[in-house]
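According to the numbering used here, the sequence shown is numbered sequentially starting from 24.
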Amino acid sequence: MPTDLTGVDLKIERAKEHIDDLERQLAAFDATEPYALIEQDDPENPERFQGIIRINAPIPPSISLVTGDAVHNLRTAFDHLACAAVSSGGGTVTIETAFPISRKPSVPTEQQWYSLVARKVKGAPKPFIKLLLALQPYEGGNHEALWAIDYLDITDKHKLLIEAFSSYAKLMQWVGPVGLGIKPDGHALPLKDGDELFGGPKPNENRKMDVEIEVALGEPGVLAGEPVVPALTDLLQTATAILDTFRKVL
């Protein structure tokens, strides 16, 4: 009889619902024009102009809360998978049972990873354990996305995940009817009211500058500055693909 993975499926579906809700909330927030780009003369150099960000409203706490809920459901989907695997293998689910993800700052040795897997899914079927041993769910590993999900879930227990605007994703320079997209090198997170986004000698031509500002994750490093909905969608897709691999051995 196939292993019952209802809990896994429900958690993934719930994560999708949270991401959809988040997208709606972000669209509503953006419609309030929470930021503006101000072009002005550089107060320290009259021959230079600058573009500064004016933040008119803080990010609503609900956006951070929904982000945390989406991440939590992704993480618990894997714990449900671990518990289902242990039960199907004849083992006993305990408070220690969980999907193993290394939280050490260094890459675990082969023995360290084996010990963690053996402890977290004791009693799971051998094919399941074999797949786990082949994973690299740690920072810098091939399955770093799982580590990122775990990191965000832990972080959400102690503080809100999103606290400020991201750096700008794209700078647009409009000269007449032609728009030229410029990808900036990046800007320090978080953007603060009055931050200079660009500047330079005053141009002679008639031109208008515009930027796209995103609400983004501030951590971990691999996701810092990434717009929150695309980042969560990528994590969801990766998680779903990994879960599908484990389904085949249960």
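Backbone N, C-alpha and C define an ideal beta-carbon position, used for all residues, glycine too.
Remember, predicted model here, so these are calculated numbers, not experimental data.
Beta strand (DSSP E) containing residue i: first to last residue?
i: ARG77; result: 68–78
Would you kindly work out how many angstroms separate the C-alpha atoms of residue i and residue j, rounded to a whole number?
i: ILE78; j: GLU235; result: 13 Å
i: LEU240; j: ILE42; result: 14 Å
i: THR120; j: ALA247; result: 30 Å
i: ILE75; j: PHE269; result: 49 Å
i: GLY223; j: VAL238; result: 26 Å
i: HIS95; j: ARG71; result: 48 Å
i: LEU139; j: ASP32; result: 25 Å
i: LYS125; j: ALA157; result: Residue 125 is actually Ser in this sequence, not Lys. If I take the Cα positions, the gap works out to 13 Å.
i: VAL252; j: ILE185; result: 12 Å
i: ASP64; j: SER87; result: 36 Å
i: THR117; j: VAL144; result: 10 Å
i: SER111; j: VAL130; result: 30 Å
i: LEU49; j: ALA93; result: 15 Å
i: THR263; j: ASP53; result: 29 Å
i: GLY30; j: ASP218; result: 46 Å
i: LEU220; j: ARG142; result: 50 Å
i: VAL272; j: TYR58; result: 50 Å
i: ALA38; j: LEU259; result: 8 Å
i: HIS181; j: LYS225; result: 46 Å
i: HIS103; j: HIS166; result: 19 Å
i: PRO200; j: GLU36; result: Low per-residue confidence applies at PRO200: pLDDT is 42, beneath 50, and the placement is therefore not dependable, though the value from the model is reported in the following sentence. So the alpha carbons of these two residues sit roughly 44 Å apart.
i: PHE151; j: ALA108; result: 7 Å
i: LEU214; j: ILE82; result: 12 Å
i: ILE62; j: SER85; result: The question names Ile, but residue 62 is Glu in the sequence shown. Taking the straight line from one Cα to the other gives about 31 Å.
i: PHE122; j: CYS106; result: 8 Å
i: LEU60; j: GLU242; result: 25 Å
i: ASP44; j: LYS153; result: 37 Å
Hey, could you find the ends of the alpha helix (DSSP H) residue i is sitting in?
i: GLN260; result: 251–270
i: ALA107; result: 84–111
i: PHE52; result: 29–54
i: LEU139; result: 133–143
i: GLU162; result: Run containing GLU162: none; DSSP gives neither H nor E here.
i: ALA168; result: 167–179
Looking at the strands, I want to know which residues DSSP matches up with residue i.
i: LEU155; result: DSSP output for LEU155 lists no bridge partner at all.
i: LEU4; result: Here the chain covers residues 24 to 273 and nothing more, so residue 4 does not appear.
i: GLY21; result: In the structure as shown, the chain starts at 24 and stops at 273, and residue 21 therefore has no counterpart that could be examined.
i: GLY222; result: GLN73
i: ASP65; result: ASN68
For this session: Evaluate contact between the segment 158–173 and the segment 62–71, counting only Cβ atoms and requiring at least three cross-stretch pairs below 8 Å.
Result: no
Exercise. Are the segment 132–146 and the segment 86–100 touching, with three or more C-beta to C-beta distances below 8 Å?
Worked result: no
Exercise. Would the segment 167–180 and the segment 146–156 be scored as touching if the rule is three or more Cβ pairs under 8 Å?
Worked result: no
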